[in-house]
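S.K.: One structure, pasted below without further comment.
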Amino acid sequence: MEQQFYAPNTVATDKNFEFDSSESKHILKVLRHQTGDEIVLNNGRGLVFKAHITEVSLKKCSVQLLECIQYAPPNYSAHIAIAPTKSIDRFEWFLEKAVELGIGCVSPILCDHSERRHLKMDRMKRIILSGFKQSMQAFLPQINEPINLDDFLIQNTFDHSYFGDCLASPRNDFFHHIVPEKSIQIIIGPEGDFSTRERNLFMQHNIKSVSLGQQRLRVETAAISALSRVHLANLKQ
337 MEQQFYAPNT VATDKNFEFD SSESKHILKV LRHQTGDEIV LNNGRGLVFK AHITEVSLKK
397 CSVQLLECIQ YAPPNYSAHI AIAPTKSIDR FEWFLEKAVE LGIGCVSPIL CDHSERRHLK
457 MDRMKRIILS GFKQSMQAFL PQINEPINLD DFLIQNTFDH SYFGDCLASP RNDFFHHIVP
517 EKSIQIIIGP EGDFSTRERN LFMQHNIKSV SLGQQRLRVE TAAISALSRV HLANLKQ
């Protein structure tokens with residue numbers, strides 16, 4: 337199965353590229369590539385190269401760039417603001433699947449009822465990068481530093497912004513609010529749900545509640561359910 341490798345600093349005019357020691361080790365030691373093998377590089381900003389390996393050593397892999405393809409940005413962006421789950425495994429699972437479904441950005445938020453308030457951001461970024469390479473995306477999703485919900489709402493610039501509400505009527509499903517080819521944001525709360533204070537904040541910032549179905553969902557399941565709706569709505573175009 338073809339796999340792409342991350343080359344963040346490449347530009348269209350480049351002729352050669354040298355991977356860092358970590359990526360070189362993965363290419364040579366794990367995947368057993370050799371001199372002359374053809375591989376695919378991606379700079380995370382829509383620029384994809386076909387290349388072949390020209391030089392290998394214990395900690396270095398160099399390639400010659402053969403062909404460059406520039407992909408257009410997606411016609412929509414899905415942003416999920418989510419309270420990290422108490423179980424870090426569940427949050428990491430969410431990140432992996434969200435990348436596969438084409439998420440644009442993740443913002444971890446700290447809520448009144450949050451049970452996890454710290455994340456190892458280097459590890460979170462590695463999980464996103466791994467999912468990006470595995471799923472052959474053209475654009476690397478972003479993950480922001482954790483932020484208090486109050487500050488997040490002050491900084492929010494989305495025109496289409498909603499919060500998942502277990503009290504909302506199923507007839508007010510998130511899917512009905514999605515406008516194809518328009519960027520959208522949904523905010524998913526912690527295991528203990530949003531507080532009354534936070535619900536009042538949403539009202540003040542004109543962020544409307546939506547349903548994600550009749551079932552009670554885990555935090556990470558709710559987020560993936562919401563993202564799947566966005567993905568489906570845009571597949572129709």
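The sequence shown begins at 337 in the numbering used here and counts up one residue at a time. Don't be surprised by glycine CBs; every beta carbon is placed ideally from N, CA and C. Just so we're clear, the structure is a prediction, and the values are computed from it rather than from any experiment.
For my contact list, Ala569 and Ile514 are in at a C-beta cut-off of 8 Å; report their separation, rounded to the angstrom.
M.R.: Confirmed, about 4 Å.
S.K.: Given a threshold of 16 other Cβ atoms within 10 Å of its Cβ, counted over all protein chains shown, does Met460 qualify as buried or as exposed?
M.R.: Met460 is buried by the Cβ-count criterion.
S.K.: Quick one: using the 10 Å Cβ neighbour count with 16 as the cut-off for buried, is Arg453 buried or exposed?
M.R.: Label assigned to Arg453: exposed.
S.K.: Is the CB-CB distance between Phe341 and Leu364 below 8 Å?
M.R.: No, they are not a contact pair.
S.K.: Compute the distance between the beta-carbons of Gln370 and Lys469, then report whether it is under 8 Å.
M.R.: No, the Cβ-Cβ distance between Gln370 and Lys469 is not below 8 Å.
S.K.: Measure the beta-carbon distance from Lys574 to Tyr498 and round it to whole angstroms, keeping in mind my assumption that it falls under 8 Å.
M.R.: Because the chain in this structure spans residues 337 to 573, residue 574 falls outside the shown range and cannot be described.
S.K.: Starting from Lys361, trace the alpha helix (DSSP H) both ways and give me its first and last residue.
M.R.: Where Lys361 is concerned, the enclosing alpha helix (DSSP H) stretches over 357-361.
S.K.: Are the beta-carbon atoms of Asn352 and Ser398 separated by less than 8 Å?
M.R.: Yes, these two residues count as a Cβ contact at 8 Å.
S.K.: Express the C-alpha separation of Gly440 and Asp356 in angstroms, rounding to a whole number.
M.R.: Distance between the alpha carbons of Asp356 and Gly440: 26 Å.
S.K.: Could you give the distance in angstroms between the alpha-carbon of Met337 and the alpha-carbon of Pro409?
M.R.: The predicted model places Met337 with a pLDDT of 47, which falls under 50 and marks its position as unreliable; any figure quoted below should be read in that light. Looking at the two C-alpha atoms, the distance is approximately 25 Å.
S.K.: I need the DSSP call for Val555, collapsed to helix, strand or coil.
M.R.: The answer is helix: DSSP assigns Val555 an H, G or I state.
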